[in-house]
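Asker: Please read through the structure below; I'll follow up with questions.
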Amino acid sequence: MVARAFHISVRQLHRLFEDEEETVGQEIRARRIQRCAEELRNPHHHRERISDTAARWGISDASKFSRQFRSTYGVSPRDYRLDHHIC
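Residue numbers (our numbering): 11 to 97.
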């Protein structure tokens, strides 16, 4: 989908990342987790289920999301939300 959006081949997309530390897939996952974290900090999304936030950003497996999130931020998505909750 990314290659199609930029009107390039999948091979060309991967070629663009050859000199980077992360692959295309790793970059996409990192950005999805980052967007989830932004929403978990957002008070407008406080009552939303964490799994719904993850699914909106393309991560449908809640346990996989939790592992990836913990690996990135060092805490569970739930604890992250509680730590960043502003009344």
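Every residue gets a Cβ at the ideal spot worked out from N, C-alpha and C, and that includes glycine.
1) Please say whether Gly-84 and Arg-42 have beta carbons closer to each other than 7 Å?
2) I need the DSSP call for Arg-41, collapsed to helix, strand or coil.
3) Under the rule that 16 or more other beta-carbon atoms within 10 Å means buried, what is Thr-33, buried or exposed?
4) Counting only the same chain and skipping the five closest in sequence on each side, list residues whose C-beta sits under 8 Å from that of Ala-13.
5) Within 10 Å of its beta-carbon, does Arg-91 have 16 or more other beta-carbons around it, so buried, or fewer, so exposed?
6) Look at the alpha carbon of His-56 and the alpha carbon of Ala-64, and state the distance between them as a whole number of angstroms.
7) From Asp-71 to Asp-62, what distance separates their C-alpha atoms?
8) Between which residues of its own chain and Phe-27 is the CB-CB distance below 8 Å, once the five residues before and five after are set aside?
9) Kindly list the residues whose CB is nearer than 6 Å to the CB of Arg-45, restricted to its own chain and excluding five residues on each side of it in sequence; keep chain order.
Answerer: The structure says:
1) By 1-based counting over the sequence shown, the position of residue 42 is 32. By 1-based counting over the sequence shown, the position of residue 84 is 74. No, the Cβ-Cβ distance between Arg-42 and Gly-84 is not below 7 Å.
2) The sequence position of residue 41 within the sequence shown is 31, counting from 1. If DSSP states are grouped into helix, strand and coil, Arg-41 belongs with the helices.
3) The residue labelled residue 33 in the question sits at position 23 within the sequence shown. The residue is exposed, with fewer than 16 neighbouring Cβ atoms inside 10 Å.
4) For the purposes of this step, residue 13 is taken as residue 3 along the sequence shown, with counting starting at 1. The residues are Ser-19, Val-20, Gln-22 and Leu-23.
5) Translated into the one-based positions of the sequence shown, residue 91 becomes position 81. Classification of Arg-91: buried, given that the 10 Å Cβ count is 16 or more.
6) On the sequence shown, residue 56 is found 46 positions in, with the first residue counted as 1. On the sequence shown, residue 64 is found 54 positions in, with the first residue counted as 1. When rounded, the distance between both Cα atoms is 13 Å.
7) For the purposes of this step, residue 71 is taken as the residue at position 61 of the sequence shown. For the purposes of this step, residue 62 is taken as the residue at position 52 of the sequence shown. Their Cα atoms are separated by approximately 10 Å.
8) As a first step, residue 27 is located in the sequence shown; it is residue number 17 there, counting from the start. Result list for Phe-27: Thr-33, Val-34 and Glu-37, in chain order.
9) The sequence position of residue 45 within the sequence shown is 35, counting from 1. So the list reads Trp-67, once near-sequence residues are dropped.
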